[in-house]
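Colleague: Structure provided below as structure tokens; questions to follow.
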DNA sequence: ACGATAATCAATTTATCGCTTGAATGATGT
DNA sequence: ACATCATTCAAGCGATAAATTGATTATCGT
């Protein structure tokens, strides 16, 4: 062998790290954690150009973090392995522990106030059974209909005020979104607390909830056509 | 704020990943997992030039993965957080699961044969109490004297044949080295098995063993002067 | 076969990274 | 103060990566 096996191994490990070293690819992985998607839908969601998105996806594929299959004209990408989410989560944890910059950003999201600890998925499951919480899914409607926690309301940040009337006073509100990388839930909690409501985040997001084997409700009344139209929006 | 908080956060997470995306820095972190060291010693161990090594260390410091303190003329670097080792370990696990290239390299290390599963640290502790295993520390002598598993013999790959006479036939041999990133233990196991001996690797290496709170023997008879001389070698 | 659609490829520009070389800084001992 | 040693800084080179643009390849419906 021309180079040492040790160097060759390190090069492979570094390849995985390098693949995670671009914000665009982290966004794509976060999206793919919601479910398999085609290139155009991913480009739309992440704000990348289609060509750029395609190239990032190919880098993810080279590192074997995603796999693709053809489905008609579309190429559908999906995560190879849920382990990748663990890796991203650890990346986030190390960043939060070590980088002061991250703390500043998160404090800014909380509106300067002290944000309460998130509720664990296990605890939320218990509270849901009791009926002692209101759950809000702070993701775009198309992601909500593709799967959400049973009983959760759906409202984006801009729509929050529209669902205020349907909230029961003094009932704690739990907000969740895509996962630990997403900031919607942070912002929703800050907004609700500004209004004097009891609100907390869920630890993780829908992919983690699903990964735990907990129930996910898919809106069945949505026809396949409507889904397609939504994906195009 | 000029850019979105979400983009800012992703940029920070990507910084951590980017910092792990160079083989040289992975080597440095592996070395630092053995204990705190100065720049020159690290350069020596990793084969990097001193200036290059220094710059890599500063990148690691920018990502807050290491911290440094001045000690006389020398600047001593150490890991900020053992969590970083978890991150590197997960990087390795994802690489092993997903990249065929890694399998090929590891198979090459095992000499083409099927390598046995490594023994867990817990199991080794039990077997050590029983006295039913011979443990070999496959690291350079200076790292051995700085701390090793009690009862372990020390031999580098080149010195393996010298300790063969002191091995008890039919007693299983456990080899370990720096940690999951190091290949010495793989190679030692392959060499010993070629000779018809029962040999396995320990899961992880000395840093992981120490992290578990298990006993580590430091060769006390080595004077401070000798240690200094060894560090310079 | 033809046009339409989804994705990829190819070529380019700009920016960053890794490494080298040589000079500068900081602490120590005489 | 001066020489010495460990480390860092600064400039420069070649290589690699991200995003844009325009062309090309697959698949589908008619």
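Protein chains in written order, with the working numbering: chain A, 310 to 542; chain B, 310 to 542.
All C-beta atoms in this analysis are idealised placements derived from N, C-alpha and C, irrespective of residue type, glycine included.
Determine which residues of the stretch 390-404 of chain A have a Cβ less than 9 Å from any Cβ of chain B, and write them out in chain order.
Modeller: 390, 392, 393, 395, 396, 397, 399, 400, 401, 402, 403 and 404
Colleague: With a threshold of 8 Å between beta carbons, is residue 314 of chain A in contact with chain B?
Modeller: Counting from one through the first chain, the residue named residue 314 of chain A turns up at place 5. For residue 314 of chain A, the answer is yes, since a Cβ of chain B falls inside 8 Å of its Cβ.
Colleague: Where does residue 503 of chain A land, buried or exposed, given buried means 16+ other C-beta within 10 angstroms?
Modeller: If you number the first chain from 1, residue 503 of chain A lands on position 194. Its Cβ having fewer than 16 others within 10 Å, residue 503 of chain A is exposed.
Colleague: Give me the subset of the stretch 318-345 of chain B whose CB atoms are less than 7 Å from a CB atom of chain A, sorted by chain position.
Modeller: 318, 319, 320, 321, 322, 323, 325, 326, 327, 329, 330, 331, 332, 335 and 336
Colleague: What in chain A is Cβ-close to residue 463 of chain B, meaning under 9 Å?
Modeller: If you number the second chain from 1, residue 463 of chain B lands on position 154. Residues of chain A passing the Cβ test: none, with the nearest at roughly 20 Å.
Colleague: By the 10 Å Cβ neighbour count, where 16 or more other Cβ atoms means buried, how is residue 473 of chain A classified, buried or exposed?
Modeller: For the purposes of this step, residue 473 of chain A is taken as the residue at position 164 of the first chain. Exposed: under 16 other Cβ atoms inside 10 Å.
Colleague: In or out: residue 542 of chain A buried (at least 16 other Cβ within 10 Å) or exposed?
Modeller: Here residue 542 of chain A is taken as the residue at index 233 of the first chain, counted from 1. Residue placement at residue 542 of chain A is flagged as unreliable, the pLDDT there being 34, under the threshold of 50; a coordinate-derived value is accordingly withheld.
Colleague: So, is residue 480 of chain B buried or exposed, given that buried needs 16 or more other C-beta atoms within 10 angstroms?
Modeller: Indexing the second chain from 1 puts residue 480 of chain B at position 171. Its Cβ having fewer than 16 others within 10 Å, residue 480 of chain B is exposed.
Colleague: Quick one: list the residues of chain B neighbouring residue 374 of chain A, beta-carbon separation under 9 Å, in chain order.
Modeller: In the first chain, residue 374 of chain A corresponds to position 65, counting from 1. Correct list: 403 and 407.
Colleague: Note the first and the last residue of the continuous beta strand (DSSP E) segment covering residue 377 of chain B.
Modeller: Position 68 of the second chain, counting from 1, holds the residue named residue 377 of chain B. From DSSP, the beta strand (DSSP E) with residue 377 of chain B extends over 375-380.
Colleague: How would you list, in chain order, the residues of chain B whose beta-carbon sits under 7 Å from the beta-carbon of residue 410 of chain A?
Modeller: The residue you call residue 410 of chain A lines up with position 101 of the first chain. Within 7 Å Cβ-Cβ: 321.
Colleague: Can you tell me which of B:510, B:392 and B:467 puts its alpha carbon nearest to the alpha carbon of residue 482 of chain B?
Modeller: Indexing the second chain from 1 puts residue 482 of chain B at position 173. If we check each option's Cα against that of residue 482 of chain B, B:510 comes out closest.
Colleague: Would residue 378 of chain A be called buried (16 or more neighbouring beta carbons within 10 Å of its own) or exposed?
Modeller: One-based indexing of the first chain puts residue 378 of chain A at position 69. It is exposed - the Cβ of residue 378 of chain A has fewer than 16 other Cβ atoms within 10 Å.
Colleague: To the nearest whole angstrom, what separates the beta carbons of residue 397 of chain A and residue 490 of chain A, a pair I think is in contact under 8 Å?
Modeller: As a working note, residue 397 of chain A is residue 88 in the first chain. As a working note, residue 490 of chain A is residue 181 in the first chain. Contact flag correct, Cβ pair sits at about 7 Å.
Colleague: Which residues, in order along the stretch 458-482 of chain A, keep a beta-carbon less than 7 Å from a beta-carbon of chain B?
Modeller: Legend: CB atoms of the stretch 458-482 of chain A lying less than 7 Å from CB atoms of chain B are not found in any residue.
Colleague: Can you tell me which of the three DSSP states residue 323 of chain A falls into?
Modeller: The sequence position of residue 323 of chain A within the first chain is 14, counting from 1. Of the three classes helix, strand and coil, the one that applies to residue 323 of chain A here is helix, per DSSP.
Colleague: Among B:321, B:355 and B:432, which one has its Cα closest to the Cα of residue 513 of chain B?
Modeller: Position 204 of the second chain, counted from the first residue, corresponds to residue 513 of chain B. Ranking the options by Cα distance to residue 513 of chain B, first place goes to B:432.
Colleague: To the nearest angstrom, how far is it from the Cα of residue 406 of chain B to the Cα of residue 518 of chain B?
Modeller: The residue you call residue 406 of chain B lines up with position 97 of the second chain. The residue you call residue 518 of chain B lines up with position 209 of the second chain. In a straight line, the C-alpha of residue 406 of chain B is about 24 Å away from that of residue 518 of chain B.
Colleague: To the nearest angstrom, how far is the alpha carbon of residue 383 of chain B from that of residue 454 of chain B?
Modeller: Taking the first residue of the second chain as position 1, residue 383 of chain B is located at position 74. Taking the first residue of the second chain as position 1, residue 454 of chain B is located at position 145. Taking the straight line from one Cα to the other gives about 21 Å.
Colleague: Give every residue of the same chain whose Cβ lies closer than 6 Å to the Cβ of residue 507 of chain A, excluding the five residues on either side of it in the sequence, and list them in chain order.
Modeller: Residue 507 of chain A sits at position 198 when you count from the first residue of the first chain. Around residue 507 of chain A: 481.
Colleague: Entirely within the stretch 385-460 of chain A and at least 4 residues each: give me those alpha helix (DSSP H) ranges in chain order.
Modeller: 392-407, 409-418, 430-439 and 450-454
Colleague: Taking C-beta to C-beta, are residue 319 of chain A and residue 332 of chain B nearer than 8 Å?
Modeller: Translated into positions along the first chain, residue 319 of chain A becomes position 10. Translated into positions along the second chain, residue 332 of chain B becomes position 23. Yes. Within cutoff.
Colleague: Over the uninterrupted alpha helix (DSSP H) stretch that includes residue 493 of chain B, give me the two end residues.
Modeller: By one-based count along the second chain, residue 493 of chain B stands at place 184. Where residue 493 of chain B is concerned, the enclosing alpha helix (DSSP H) stretches over 493-503.
Colleague: Interface residues of chain B around residue 418 of chain A at Cβ under 8 Å?
Modeller: Stepping through the first chain from its first residue, residue 418 of chain A is reached at position 109. Chain B residues near residue 418 of chain A: 314.
Colleague: Just the Cα atoms here: how many angstroms apart are residue 531 of chain B and residue 457 of chain B?
Modeller: As a position in the second chain, residue 531 of chain B is number 222, starting the count at 1. As a position in the second chain, residue 457 of chain B is number 148, starting the count at 1. Caution is warranted here: a pLDDT of 43 is assigned to residue 531 of chain B, below 50, making its placement in the model unreliable, and no coordinate value can be reported.
Colleague: I'd like to know whether the C-beta of residue 492 of chain A is nearer than 8 Å to at least one C-beta of chain B.
Modeller: One-based indexing of the first chain puts residue 492 of chain A at position 183. Cβ-Cβ to chain B under 8 Å: yes for residue 492 of chain A.
Colleague: Mind reading off the beta-carbon distance from residue 447 of chain B to residue 484 of chain B? Whole number of angstroms is fine, and I expect it under 8 Å.
Modeller: Working through the second chain from its first residue, we reach residue 447 of chain B at position 138. Working through the second chain from its first residue, we reach residue 484 of chain B at position 175. Indeed, because the Cβ distance is near 5 Å, the residues count as touching under 8 Å.
Colleague: Who does residue 511 of chain B pair with in a DSSP beta bridge?
Modeller: Locating residue 511 of chain B in the second chain gives position 202, where the first residue counts as 1. Paired residues: B:428.
Colleague: Using only the alpha-carbon positions, how far apart do residue 314 of chain B and residue 426 of chain B sit?
Modeller: By 1-based counting over the second chain, the position of residue 314 of chain B is 5. By 1-based counting over the second chain, the position of residue 426 of chain B is 117. Cα to Cα, the separation comes out at about 45 Å.
Colleague: Going by alpha carbons, who is nearest to residue 461 of chain B out of B:414, B:444, B:526 and B:380?
Modeller: What you label residue 461 of chain B is simply residue 152 of the second chain in a count that begins at 1. Of the candidates B:414, B:444, B:526 and B:380, the residue whose Cα lies closest to the Cα of residue 461 of chain B is B:444.
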